[in-house]
Amino acid sequence: APWCGPCMMAAPEVAKAAAALAGRALVVKVNTEQQPELAAQYRVRSIPNFALFRAGQLVRQ
Numbered sequence: 009a010p011w012c013g014p015c016m017m018a019a020p021e022v023a024k025a026a027a028a029l030a031g032r033a034l035v036v037k038v039n040t041e042q043q044p045e046l047a048a049q050y051r052v053r054s055i056p057n058f059a060l061f062r063a064g065q066l067v068r069q
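With this note's numbering applied, the sequence shown closes on residue 69, and no number is skipped along the way.
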């Protein structure tokens, strides 16, 4: 969410991770206010929330 202070603080590190992992991993940001179904599916209770997927399956959250 654009109003989330901790999310804004994490954004530069997320961008660095995306650059470092380019071609090996896909790093995405999801606005939980715009995607409430996705947030519910993965039981996101607070933000920022980080999750690792492998072959489409949740590995760690």
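Heads up, the beta-carbon is just placed ideally off N, CA and C, and yes, glycines get one too. Being a predicted model, the structure only gives us computed values, none of them experimental.
A straight-line Cα-Cα distance of about 18 Å links Arg62 and Val38.
For Val22, the enclosing alpha helix (DSSP H) begins and ends at 13-28.
Residue nearest to Val35 within the set Glu41, Gln42, Ala26, Gln43 is Ala26 (criterion: CA-CA distance).
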